[in-house]
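K.L.:
Under this note's numbering, read the sequence shown as residues 387 to 878, first letter to last.
Cβ coordinates follow ideal geometry from the N, Cα and C atoms, glycine included.
Have a look at the structure that comes next, please.
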Amino acid sequence: MKKIFIPVFALVLLGSCDILDKPPLPSISPENFFQSADDAEAGLTAAYDALQGTGLYSQDLITVGEMPSDNCNSNNGDVASLDRISWTPTTSQVYNIWRDSYLGINRANAVIKYVPTITMDEARRKQILGEAYFLRALHYYNLVKLYGGVPLRLDPTESGEQSVVALPRATVEAVYTQIVADLTAADGLVPAVNANRVTNGAVNSLLAKVYLTQRQWGPAVTAANKVISTGKYSLLTSFKGLFPAENKAPETILEVQNQGNADGNNILPDLLLPSPPATYSFPKFNIPTAELLQYADTASYTNGQLRPNRDRRWTLIGRTNAGLDYASFVNGTSSSANDRGPFVYKWPGAPNAFNSPDNTYILRYADVLLMYAEAANEQAGPSADVLEKLNLVRTRAGLAALTPASPQYASKKAMRDEIDRQRRLELAFEGERWYDLLRYARHNQAEAGAHAVTALDIIQQRLNRPDANYLLFPLPQAEINNNAQLQQNPGY
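Next up, the structure:
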């Protein structure tokens, strides 16, 4: 909120030389802040600003989306518990994601509560409310997929009263019901075009993701198709052209906007790159696994040439310093950031440490195409429709289009495996893999053997036991200590 409220305090302090002769002004709270259309805009900006929190899209939410998965290795102590799947209620990422998600929820709640009381243009009011509903839904979706049922706070917490902040956990079903309700409300309020902000394309993209997580295949197809049928989105010709993310229309649907100033609001390049090119880096933090590096289609490799026939997505994944083999890099004792083994080049670096100007993707069109293909395949098996969406992603990557004669078309399971593969390759290190693996594990609980690899398989590898408790994060211990109504997840 500081970006919004510091100027207000500055005006109070500097606007008059006899300020000390006046009675004390009341503290600025949401109730007395939201007075004008400008205040409504400022409140919404603050709600967007929360997405840049270190617990969310500038660090931890993305890190957790990759680090426990089969995409990553790490020898860095800052994330050892994620890499080993040994997190506890006091692990920093467990707390940071919870904290920053509820900060964003509280800011969205303030907009939703107070903007209706302001005298302003009605069309603009509706749009602001729609964007706030979307942001609240996004935060609750991030929470429920990691922690399970969480407290549903639908009003701003304007006091520290325990009756206001100490809420019990809602059920998973209740949280998803609220998410769908918020997105449904947003869909009728936000526009089709809204530069760098929420559109109905973003609303329906997130809705497709929510339905896919719940295994509601028909609604997921419908939501994804609403995005596709607008005709407003398409894939860029070059996969490499997507990075760095800088409002890359017509593929981008929603990004976190970063400025690269002194706020320390985007640390991702420093987590993924050695130094240089990053200004500062965490050595051996997010290392692509050897298995991931060999995951591309190798059938048409040309011996003696670097990458002419390989999956084009590999131009941004797996760059390696000549002479440093993978095992020596991962297992070596040196902690120097200049030990350049394989790394990810989707975010090419920050001019100032922790202050990359690169945006962070929340939703992009390739993800929507793959969600459509997955849901349609689960609903009715392989079809020309599924192939069409999948082939758009494959051919952009330089792979041959599949046909009904392809082995991937032989069964629902074969097509599912190919879609899983393309999601992994397309979205690698964008913070999706672990969440996909969690989704696959829940699918396998309902349909044994549906997915070849799930989060439970990774847990088995890391812990030598298939401990399903680790399919959920624990609740942060600090929250348990402060709220007697919260019950910890099993196993923690």
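Whole angstroms are fine: how far does the CA of ALA588 sit from the CA of LEU430?
P.N.:
Looking up residue 430 in the sequence shown gives position 44. Looking up residue 588 in the sequence shown gives position 202. Between LEU430 and ALA588, the C-alpha separation is close to 17 Å.
K.L.:
I'd like to know if the segment 439–448 and the segment 476–487 are in contact, where contact means that at least 3 CB-CB pairs between them fall below 8 Å.
P.N.:
yes
K.L.:
Mapping DSSP to helix, strand and coil, what is ASN528?
P.N.:
Mapped onto the sequence shown, residue 528 falls at position 142. Note: ASN528 maps to helix in three-state DSSP.
K.L.:
Just the C-alpha distance for VAL579 and THR623, rounded to the nearest angstrom, thanks.
P.N.:
One-based indexing of the sequence shown puts residue 579 at position 193. One-based indexing of the sequence shown puts residue 623 at position 237. Distance between the alpha carbons of VAL579 and THR623: 22 Å.
K.L.:
For TYR443, name the three-state secondary structure that DSSP assigns.
P.N.:
In the sequence shown, residue 443 corresponds to position 57, counting from 1. Three-state DSSP puts TYR443 in coil, outside helix and strand.
K.L.:
Leaving out the 5 sequence neighbours to the left and right, which residues in its chain are closer than 6 Å to ALA495 when beta-carbon positions are compared?
P.N.:
The sequence position of residue 495 within the sequence shown is 109, counting from 1. Looking at the sequence shown, residue 495 is not Ala but Asn. Within the same chain, ASN495 has close Cβ partners ASP541, PRO542.
K.L.:
Using the C-alpha atoms, what's the distance from ASP573 back to ASP507?
P.N.:
For this step, residue 507 is matched to residue 121 along the sequence shown. For this step, residue 573 is matched to residue 187 along the sequence shown. ASP507 and ASP573: Cα-Cα distance of roughly 19 Å.
K.L.:
Using only CA atoms, which one of LEU515, TYR562, GLU517, ASP424 lies nearest to LEU538?
P.N.:
Position 152 of the sequence shown, counted from the start, is the residue given in the question as residue 538. Here the closest residue by C-alpha is TYR562.
K.L.:
My guess is that ASN745 and VAL642 are in contact by the Cβ rule of under 8 Å, so how many angstroms apart are they, rounded?
P.N.:
Within the sequence shown, residue 745 is the residue found at index 359, counting from 1. Within the sequence shown, residue 642 is the residue found at index 256, counting from 1. At roughly 6 Å, the Cβ-Cβ gap stays under 8 Å, so ASN745 and VAL642 are in contact.
K.L.:
If you follow the beta strand (DSSP E) that ARG750 is in, where does it begin and where does it stop?
P.N.:
As a working note, residue 750 is residue 364 in the sequence shown. Residues 746–750.
K.L.:
Nearest by alpha-carbon distance to PHE520: which of THR585, LEU678, SER478, ILE614 is it?
P.N.:
Indexing the sequence shown from 1 puts residue 520 at position 134. Here the closest residue by C-alpha is THR585.
K.L.:
By Cβ distance, which residues of its chain are closer than 7 Å to GLU452, with the 5 residues on each side in sequence left out?
P.N.:
Counted from its first residue, the sequence shown places residue 452 at position 66. Excluding positions up to five away in sequence, the list reads CYS458, ASN672, PHE815, GLY817, ARG819, TRP820.
K.L.:
List the whole-angstrom C-beta distance separating PHE859 from TYR526, where the pair is believed to meet the contact cut-off of C-beta under 8 Å.
P.N.:
Working through the sequence shown from its first residue, we reach residue 859 at position 473. Working through the sequence shown from its first residue, we reach residue 526 at position 140. Not quite, the Cβ-Cβ distance comes to about 15 Å (not below 8 Å), so this is no contact.
K.L.:
Should LEU773 be counted as a contact of the ligand SAM given a C-beta to heavy atom distance under 6 Å?
P.N.:
The ligand content of the structure shown is nil, which means the ligand SAM is not present either.
K.L.:
Can you tell me which of the three DSSP states GLU417 falls into?
P.N.:
Taking the sequence shown and counting its residues from 1, one reaches residue 417 at position 31. Helix.
K.L.:
Ignore the nearest five residues each way along the sequence and tell me which others in LYS512's own chain have a CB closer than 8 Å to its CB.
P.N.:
If you number the sequence shown from 1, residue 512 lands on position 126. Counting only Cβ-Cβ distances below 8 Å, and skipping sequence neighbours, we find LEU575.
K.L.:
Helix, strand or coil for GLU641 per DSSP?
P.N.:
Mapped onto the sequence shown, residue 641 falls at position 255. Three-state result, GLU641: strand.
K.L.:
Provide the residue span of the alpha helix (DSSP H) that contains LYS732, from first to last.
P.N.:
As a position in the sequence shown, residue 732 is number 346, starting the count at 1. Unbroken run through LYS732: none, as it is neither H nor E.
K.L.:
Label LEU849 either buried or exposed according to how many other C-beta atoms from any shown protein chain fall within 10 Å of its C-beta, with 16 as the threshold for buried.
P.N.:
Counted from its first residue, the sequence shown places residue 849 at position 463. Flag for LEU849 reads exposed.
K.L.:
Can you look up ASN457 in the DSSP assignment and give me helix, strand or coil?
P.N.:
Against the sequence shown, residue 457 aligns to sequence position 71. Reduced to three states, the DSSP call for ASN457 is coil.
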